[in-house]
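6 protein chains.
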Amino acid sequence: MARLVPRKISSKDLHSIPKMIDISGKPVIKREAVAEGTIYLRKSTMELIESGKIEKGDPFQIATFSAIQAIKNTPSSLVMCHPIPIEGSSVEFDKTSDSITVRVKVVASSKTGVEMDALNAVSVALLNIWDVVKKYEKNDQGQYPDTRIADIHVVRKFKEAKSEEGK
Amino acid sequence: MARLVPRKISSKDLHSIPKMIDISGKPVIKREAVAEGTIYLRKSTMELIESGKIEKGDPFQIATFSAIQAIKNTPSSLVMCHPIPIEGSSVEFDKTSDSITVRVKVVASSKTGVEMDALNAVSVALLNIWDVVKKYEKNDQGQYPDTRIADIHVVRKFKEAKSEEGK
Amino acid sequence: MARLVPRKISSKDLHSIPKMIDISGKPVIKREAVAEGTIYLRKSTMELIESGKIEKGDPFQIATFSAIQAIKNTPSSLVMCHPIPIEGSSVEFDKTSDSITVRVKVVASSKTGVEMDALNAVSVALLNIWDVVKKYEKNDQGQYPDTRIADIHVVRKFKEAKSEEGK
Amino acid sequence: MARLVPRKISSKDLHSIPKMIDISGKPVIKREAVAEGTIYLRKSTMELIESGKIEKGDPFQIATFSAIQAIKNTPSSLVMCHPIPIEGSSVEFDKTSDSITVRVKVVASSKTGVEMDALNAVSVALLNIWDVVKKYEKNDQGQYPDTRIADIHVVRKFKEAKSEEGK
Amino acid sequence: MARLVPRKISSKDLHSIPKMIDISGKPVIKREAVAEGTIYLRKSTMELIESGKIEKGDPFQIATFSAIQAIKNTPSSLVMCHPIPIEGSSVEFDKTSDSITVRVKVVASSKTGVEMDALNAVSVALLNIWDVVKKYEKNDQGQYPDTRIADIHVVRKFKEAKSEEGK
Amino acid sequence: MARLVPRKISSKDLHSIPKMIDISGKPVIKREAVAEGTIYLRKSTMELIESGKIEKGDPFQIATFSAIQAIKNTPSSLVMCHPIPIEGSSVEFDKTSDSITVRVKVVASSKTGVEMDALNAVSVALLNIWDVVKKYEKNDQGQYPDTRIADIHVVRKFKEAKSEEGK
């Protein structure tokens, strides 16, 4: 089972080997992040949503449910993300005649920020909305000429001032 | 990519949008919860279990294994549950001539209680028992006239006295 | 790396080593299963649910989402269950003044039945209902004297007649 | 354990109870879907990527892995999606001086389309790119004034002609 | 939201972009694979196992459960693996005075082989054995001078002769 | 729903019921573990790897990606492992003309060690390497006469001196 004097792989051999950044020296402080994004739908689909006629279920409920599940699933979807003990989250919606905007707030006491968790939740919520209305967005060829997810961004990040004893 | 002045969705528009409660202000204290539940089986199945003749494996072992896995999987099954760093758990069984009772204890140092985690473990353990004996519980029509899971409840919750600085 | 003549572990040495039953020789046929179960809650909690005042969200919506997710998660919770490509499911509710009954139907074309998937969905749905109303079910000591999950059972299983050649 | 004559919940009581559509009667045919989306980054970040200087790892590699994992994870992120036995996928990239476009193709033999799986993969890939370059996108206040995910859409869906006996 | 004529990333720019091989054209045939591997432990630990004195539980039971769960989890651990509907599996053990060998058989009707699933199960089973006996394998400095996992390999693969046209 | 005076299952009845050890009384201190393992491949496969010709993707990238994901997935694969908030990890490789050695370092501030997490990551990384090169390792009968995973072990564990108030 002996391994003969192995040659260490040099930086010339490998291109940017990924790693998960070491955050062990950072203090645990309160973090908050708000992210949002928008899905553009047909006006006719928005009207069906308004009148509660989507066969697969209410898009706002499904988006909220899936957003909260997605927050907890972030370290599994985002390879380099640290697992963070999420302590709260809420979901809000804006709508126009042809779009729904999802806004997710995430709160945690942790060594690193929670904006990726909020972004992941927004993204999963928008995809769930698409999924439950897809039947109404397809054209005759089964294509989606109008449906678009857009403008996923971080609205704001916030962290408590570091307490003095924190490193 | 501009979003035109969106109308904020009011409480009149949406029915109880779910949220994950914010526990960030609560202190980390030691928590403990014990839950239990019972599965009713045929006497003949219980005798097969007693004599170690269940083809799929020993129900007590499988129940214990799956209970401990389920505790760690609680935030994924229960939408509004916070992820909690579980620090210990144990599983016990009672039996009668036609039932098995599963009792699960969960321990953690956390900002919220662990009773849902214990209940989830009990529930998954009972389902695993059902699964490994299902062949012996079916009647001629492939139905389960006798098998029932019942009385899943919290035996007790406990938390350490809050330290003075905690809220 | 040589392994010296190992002694085969005999049935005398090991107690019912579990296994996943081989279903490869069975035909793919249409399967259906309906399971249900009940959670008993306080009348006061049921009134809050009726009036849409549960802070964490609507229990029926959350129960439905989590039931459907649970169906897909069954092979992960139930150790000896085969992965089954679920093709449809629906969730229904009954209620009395102090209880909610969840009924889940699961449909699949598969080599084995889907009753465990339906039972798992019922069980997870009931736990999610508990979780979103737990604040209203606790007494002064933080205990749950009234809350119970009961009577989880298979309402019926059904499978298509096997086609002659049983592919 | 008796349940007294329960009142069936009517459509007046519940708002669009969600369900997973029954696809059991549809034929298994070959499906393909291509989706894409774009992340807008700072020119300086794009230059770092070009010169292989991203500390957390190569964004194209990480985006590709996470896209392929995400395809397989779609039924878990998208509540109403059916589990589909994915049979192949590939990932391509376009870039400009301030953006990366991810394009994912998914292939499967299944009873329903795979566009949601492709969209989910694109979305997760874009979030992973954001995550590995986030250090270079933050301003002095730790905010992300420039980073945006945009234009996630289905490029095309395709399915084999239905065989005559299929529905 | 327009994307300006993007430059296609060439093979000069990117190093072996990974992909999941397209197996959609292959026939569904019966597959079987057997893999095994060995963990070397202290003689004193093996004696504790023999006498049923391992505090965390019986290593053979835990290894078996975790092996069967691992088979189903293979597409999540192995990035380029296709999801395969596993139809059966069994686990066997050999032992010597200082080692345990785990052998896992996996059966499926699928378009690609199941040897990676069997290897993954063996590997996870061996790690679970290590985990439950780790207390007895550590020396005074908390190190593991003796514990080794070795010789993980495929014992044999098997597939049914392809039917003539490869359906 | 009454449970008749149940008989407590005694240690005579059950063989080492597994449990997750209670670590709630242990202090949170910084932990580090390094594990490694080796996969033996054909010289011809190693040459293909060197020249970047592996169709499924670069083995070093895939191994690194999957190792980091595996660390976060350890409590799910290893039944009795506690969930640990991982704070950093890195992956290194050695190679000879017929082998690749994977070395994984894991860092966390926790109540228990992280060596199982590092071992799990090494093991999953090696399996991913096997998976992406399996086409080049098979002989004419589709068997793997040369491929072996070997010598998975803990290189070193380390923990900070316990602070005075810790136990």
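Residue numbers (this note's numbering), protein chains in the order written: chain A, 13 to 179; chain B, 13 to 179; chain C, 13 to 179; chain D, 13 to 179; chain E, 13 to 179; chain F, 13 to 179. Built from N, CA and C at the ideal position, the CB exists for glycine as well. Note that this is a predicted model, so its numbers are computed, not measured.
Taking 9 Å as the CB-CB limit, is residue i close to chain D?
i        : result
F:Ser63  : no
F:Asp70  : yes
A:Met58  : no
C:Ser89  : no
C:Ser36  : no
A:Val144 : yes
C:Ile66  : no
F:Arg19  : In this prediction, F:Arg19 has a pLDDT of 42, which is less than 50 and means its spatial position is unreliable; nothing more can be read from the coordinates.
Let me check understanding here. Comparing Cα to Cα, which of the options lies closest to residue i?
i        : options                                   : result
F:Asp158 : F:Lys84, F:Ile164 and F:Glu149            : F:Glu149
E:Gln153 : F:Ala162, F:Val91 and F:Val167            : F:Val167
A:Leu131 : D:Asn140, D:Ser101 and D:Gly100           : D:Asn140
F:Ser101 : F:Ser121, F:Ser109, F:Asp110 and F:Ser89  : F:Ser121
B:Lys171 : B:Arg115, B:Pro39 and B:Asp34             : B:Pro39
E:Ser135 : E:Val116, E:Lys147, E:Thr124 and E:Lys146 : E:Val116
B:Lys147 : C:Ala137, C:Gln73 and C:Met128            : C:Met128
D:His94  : D:Ile164, D:Ala162, D:Ser36 and D:Leu53   : D:Ser36
E:Arg54  : E:Ser111, E:Ala79, E:Ile161 and E:Ile98   : E:Ser111
E:Ala173 : E:Thr76, E:Trp142, E:Lys123 and E:Gln73   : E:Lys123
B:Glu104 : B:Thr57, B:Tyr156 and B:Gln73             : B:Gln73
C:Ser89  : B:Glu48, B:Asp34, B:Ile164 and B:Asp143   : B:Asp143
B:Asp34  : A:Val126, A:Asp163, A:Gly125 and A:Glu99  : A:Glu99
D:Ile164 : D:Gly49, D:Lys31 and D:Ala137             : D:Gly49
Residue i lies in the beta strand (DSSP E); which residues open and close that run?
i        : result
D:Ser102 : Ile98 to Thr108
B:Lys68  : No beta strand (DSSP E) holds B:Lys68; DSSP gives it neither H nor E.
E:Asp163 : Arg160 to Lys171
Quick check: is the beta carbon of residue i nearer than 9 Å to any beta carbon in chain A?
i        : result
D:Phe77  : yes
F:Phe105 : yes
D:Ile161 : yes
B:His27  : Low per-residue confidence applies at B:His27: pLDDT is 47, beneath 50, and the placement is therefore not dependable, though the value from the model is reported in the following sentence. Yes, B:His27 lies at the interface with chain A (some Cβ there is under 9 Å from its Cβ).
C:Ile74  : yes
F:Asp129 : no
D:Glu172 : no
Output the boundary residues of the alpha helix (DSSP H) element that contains residue i.
i        : result
A:Lys147 : Glu127 to Glu149
Counting only C-beta atoms, is residue i closer than 9 Å to chain F at any point?
i        : result
D:Ile83  : no
B:Ile33  : no
E:Leu53  : no
E:Ile164 : yes
Mind pulling the chain G residues with CB within less than 7 Å of residue i?
i        : result
D:Lys123 : Here the protein chains are A, B, C, D, E and F, and chain G is not one of them.
Name, in chain order, the residues that DSSP records as bridge partners for residue i.
i        : result
F:Ser181 : The displayed coordinates of chain F run from 13 to 179. Any statement about residue 181 of chain F would go beyond what the structure contains.
C:Ala75  : None, per the DSSP bridge assignment.
B:Glu42  : The sequence given here places Lys at residue 42 of chain B; Glu does not occur at that position. Answer is B:Ser121.
A:Met32  : F:Ser101
D:Val116 : D:Ala47 and D:Val103
Could you tell me whether the Cβ of residue i comes closer than 9 Å to any Cβ of chain B?
i        : result
C:Asp152 : no
F:Val167 : no
C:Tyr148 : no
Would you say residue i faces chain C, with C-beta separation under 9 Å as the test?
i       : result
D:Ile41 : no
E:Pro95 : yes
D:Pro30 : yes
Can you find a C-beta in chain E that's less than 9 Å from the C-beta of residue i?
i        : result
C:Ser135 : no
Point to revise | Touch test, the segment 76-90 of chain F against the segment 83-94 of chain D, Cβ-Cβ under 8 Å, three pairs minimum | key: The segment 76-90 of chain F, when compared against the segment 83-94 of chain D, does not touch it at the 8 Å Cβ threshold.
Review point. Counting pairs of Cβ atoms below 8 Å between the segment 68-81 of chain B and the segment 55-64 of chain E, do you hit three or more?
Key: No, because fewer than three Cβ pairs between the segment 68-81 of chain B and the segment 55-64 of chain E fall closer than 8 Å, the two stretches do not touch.
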